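S.K.: Right, I'll just put the structure down here and ask away after.
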Amino acid sequence: MVVGSRRRLVRGQTVRVSSDALTTLLAAGVPIALVAAVVTLFVSRRRPRDDGSTSAPTPTIEHVPTQATAPDDDASGVAVEVPPTAGVGTLETLPEQAEAPLAESAPGEAPDLPVLDVPAPAAGRLARLRDRLSRSGSPLGTRLLAVLSRDHLSEDDWDELEETLLLADVGPGPTGELIDALRTRVRVDGLRDPAQVKALLRAQLLELVDPSLDRSLHTSPTVADDGTRMPAVLLVVGVNGTGKTTTIGKLTRLLVGEQQSVVLGAADTFRAAAADQLETWGSRVGVPTVRSDRDGADPASVAFEAVRTGKQAQVDVVVVDTAGRLQNKAGLMDELGKITRVIGKEAPLSEVLLVLDATTGQNGLNQARVFGEVAGITGIVLTKLDGTAKGGIVVAVQRELGVPVKLVGLGEGPDDLAPFDPEAFVDGLLQ
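Residues in the sequence shown are numbered from 1 upward in steps of one, following UniProt numbering.
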């Protein structure tokens, strides 16, 4: 075998080993295996390092960091900024990022809409007035009937009748009128039959309640001389604690139930959470609320903005809540006077409703006097009428202010507010 030179291919290179060196090693008796190992070691030491000097240029690889897919996992709509990765050039907009907003809702799905309440119409509430009053246990009917049905009426019996009327908050004046009318009819007609006595008592009580008063709620829009459509504006006043804001919420439901559009004005800016409470009531039936972002804001400004908003939106009714503070009569007069003047610049007032708690009795009458002097009351809303035995407050407050009771609260339910019906009221007392 001729060994001129031995060549070995290592990574594409030709390596030459001297033939003389190989001959010398073999002659010295070195095993062929050992010679091969030495040659291999020699060749390995001469291999070029992978430093890129002789290798082909590495192609540029576009690398997408894993953070870029974060918006796909985040359906909250919060943008996630992906920081640049070291060693990677500027990334172009990724298709996954551009389509991320579409992941918030599946294709074809409609956005969730709030479910609005459907208030009960006013007609269905009138029947409940009679039932609620009959269950309230009012002595104004049952005790009067019990006394008048006796065979012989002594002075003690008439005194008992008078005491019953006074305890029911009918008031001294109306009580005297009723006793005199009953005495005359019993003495002249000699009534003893229970049915006749009940009919007489019903007629006399109905006369005291006075069904001839205009109890309609003026909520129809008007047209100004220049042709501008004006919403009806209802200003609601009353002492805090009488259920004023809650009553406005129930009144709003009553109006919506009659297919009228409404805007609420949260001008009670002094009581904490009053605006939030009113806004909650409105949102349940899809009615917007105009309010201030800070407590203690100018109530007249809020009222003005509410009326202007209702006017621009061409709604039917604007209902404005007010603060109920009686600590300073002069301050109350100034505040309500300013609200009235400011509202009048946008639209005339249609109603000024006073909210009274029917359970407060004489104290409620004192409140009515103060508001009657400063606010020009046009109607009364009696709350908690079903929870009191003092149904005579209806007669007393009408006599005191000379204005009718227009609405009554019958319970704690959202639709437990009804237009006042004198006949249903009296019938409920006598059941």
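Where a beta carbon is used, it is the ideal one built from N, C-alpha and C, also for glycine.
Keep in mind the model is a prediction, meaning the values are calculated, not measured.
From the DSSP output, in three-state form, read off P422 for me.
M.R.: Position 422 of the sequence shown, counting from 1, holds the residue named residue 422. Reduced to three states, the DSSP call for P422 is helix.
S.K.: Does the beta-carbon of V290 have 16 or more other beta-carbons within 10 angstroms, so that it is buried, or is it exposed?
M.R.: For the purposes of this step, residue 290 is taken as residue 290 along the sequence shown, with counting starting at 1. The residue is buried, with at least 16 neighbouring Cβ atoms inside 10 Å.
S.K.: Just list the alpha helix (DSSP H) runs in the stretch 179-265, keeping only unbroken ones of 4 residues or longer that don't cross its boundaries, in chain order.
M.R.: For the stretch 179-265, whole alpha helix (DSSP H) runs of length 4 or above, ordered along the chain, are 194-209 and 244-257.
S.K.: Does the distance from the CB of V352 to the CB of A375 come in under 7 angstroms?
M.R.: In the sequence shown, counting from the first residue as 1, residue 352 sits at position 352. In the sequence shown, counting from the first residue as 1, residue 375 sits at position 375. The answer is yes: Cβ separation under 7 angstroms.
S.K.: Measure the C-alpha to C-alpha separation of I393 and V263 and round it to an integer number of angstroms.
M.R.: Within the sequence shown, residue 393 is the residue found at index 393, counting from 1. Within the sequence shown, residue 263 is the residue found at index 263, counting from 1. Going from the Cα of I393 to the Cα of V263 covers about 31 angstroms.
S.K.: Rounded to whole angstroms, what is the Cα-Cα separation between R325 and G409?
M.R.: Position 325 of the sequence shown, counted from the first residue, corresponds to residue 325. Position 409 of the sequence shown, counted from the first residue, corresponds to residue 409. About 22 angstroms.
S.K.: Starting from T309, trace the alpha helix (DSSP H) both ways and give me its first and last residue.
M.R.: What you label residue 309 is simply residue 309 of the sequence shown in a count that begins at 1. Residues P299 to A313.
S.K.: Is it true that the stretch 256-275 meets the stretch 297-317, where meeting means three or more beta-carbon pairs spaced less than 8 angstroms apart?
M.R.: Touching, yes, given that three or more Cβ pairs across the two stretches are closer than 8 angstroms.
S.K.: Out of curiosity, what's the CA-to-CA distance linking L145 and A418?
M.R.: Your numbering for residue 145 matches position 145 in the sequence shown. Your numbering for residue 418 matches position 418 in the sequence shown. When rounded, the distance between both Cα atoms is 27 angstroms.
S.K.: So, under 8 angstroms CB-CB, A396 and D180 are touching, yes? Tell me the CB distance rounded to an integer number of Å.
M.R.: Position 396 of the sequence shown, counting from 1, holds the residue named residue 396. Position 180 of the sequence shown, counting from 1, holds the residue named residue 180. Between D180 and A396 the Cβ distance is about 17 angstroms, and since that is not below 8 angstroms, they are no contact.
S.K.: How should S55 be labelled, buried or exposed, when 16 other C-beta atoms within 10 angstroms of its C-beta is the threshold for buried?
M.R.: As a position in the sequence shown, residue 55 is number 55, starting the count at 1. Only weak support is given to the placement of S55: the predicted model assigns it a pLDDT of 45, under 50, and the value that follows is read from those uncertain coordinates. With fewer than 16 Cβ atoms within 10 Å of its Cβ, S55 is classed as exposed.
S.K.: Tell whether a beta-carbon distance below 7 angstroms holds between L349 and L167.
M.R.: In the sequence shown, residue 349 corresponds to position 349, counting from 1. In the sequence shown, residue 167 corresponds to position 167, counting from 1. Cβ atoms of L349 and L167: not closer than 7 angstroms.
S.K.: Rounded to whole angstroms, how far is the Cβ of A232 from the Cβ of A267, which I believe are closer than 8 angstroms?
M.R.: Looking up residue 232 in the sequence shown gives position 232. Looking up residue 267 in the sequence shown gives position 267. Actually they are not in contact, since the Cβ atoms of A232 and A267 sit about 17 angstroms apart, beyond 8 angstroms.
S.K.: Closest to A300 by C-alpha separation, out of L255, D427 and L332, would be which residue?
M.R.: By 1-based counting over the sequence shown, the position of residue 300 is 300. Checking every option, the nearest Cα to that of A300 belongs to L332.
S.K.: Let's see if you can read the secondary structure: which residues bound the alpha helix (DSSP H) around D357?
M.R.: For this step, residue 357 is matched to residue 357 along the sequence shown. Note, D357: premise wrong, no alpha helix (DSSP H); beta strand (DSSP E) at L349 to D357.
S.K.: For F425 and E207, what's the separation of their Cα atoms in angstroms?
M.R.: Taking the sequence shown and counting its residues from 1, one reaches residue 425 at position 425. Taking the sequence shown and counting its residues from 1, one reaches residue 207 at position 207. In a straight line, the C-alpha of F425 is about 12 angstroms away from that of E207.
S.K.: State whether the stretch 274-282 contacts the stretch 249-257, with contact taken as three or more CB pairs (one from each stretch) at a distance under 8 angstroms.
M.R.: Yes, the stretch 274-282 is in contact with the stretch 249-257.
S.K.: Restricting to Cα atoms, I'd like to know which of I377, R308 and A272 is closest to V342.
M.R.: In the sequence shown, the residue the question calls residue 342 occupies position 342. Ranking I377, R308 and A272 by Cα distance to V342 puts R308 first.
S.K.: If you draw a straight line from the alpha carbon of T242 to that of L182, how long is it in whole angstroms?
M.R.: As a position in the sequence shown, residue 242 is number 242, starting the count at 1. As a position in the sequence shown, residue 182 is number 182, starting the count at 1. Going by the C-alpha atoms only, they are around 35 angstroms apart.
S.K.: To the nearest angstrom, how far is the alpha carbon of E162 from that of R202?
M.R.: Here residue 162 corresponds to residue number 162 of the sequence shown, with the count starting at 1. Here residue 202 corresponds to residue number 202 of the sequence shown, with the count starting at 1. Near 16 angstroms, if we compare the C-alpha coordinates of R202 and E162.
S.K.: Report yes or no: do three or more beta-carbon pairs, one from the stretch 182-201 and one from the stretch 141-159, lie closer than 8 angstroms?
M.R.: Cβ pair count under 8 angstroms is three or more, so yes.
S.K.: Give the DSSP-derived three-state secondary structure of D295 in the structure shown.
M.R.: As a working note, residue 295 is residue 295 in the sequence shown. The answer is coil: DSSP assigns D295 none of H, G, I, E or B.
S.K.: Taking C-beta to C-beta, are V237 and F420 nearer than 7 angstroms?
M.R.: Here residue 237 corresponds to residue number 237 of the sequence shown, with the count starting at 1. Here residue 420 corresponds to residue number 420 of the sequence shown, with the count starting at 1. Cβ atoms of V237 and F420: not closer than 7 angstroms.
S.K.: In or out: P121 buried (at least 16 other Cβ within 10 Å) or exposed?
M.R.: Locating residue 121 in the sequence shown gives position 121, where the first residue counts as 1. Exposed, because fewer than 16 other Cβ atoms sit within 10 Å of the Cβ of P121.
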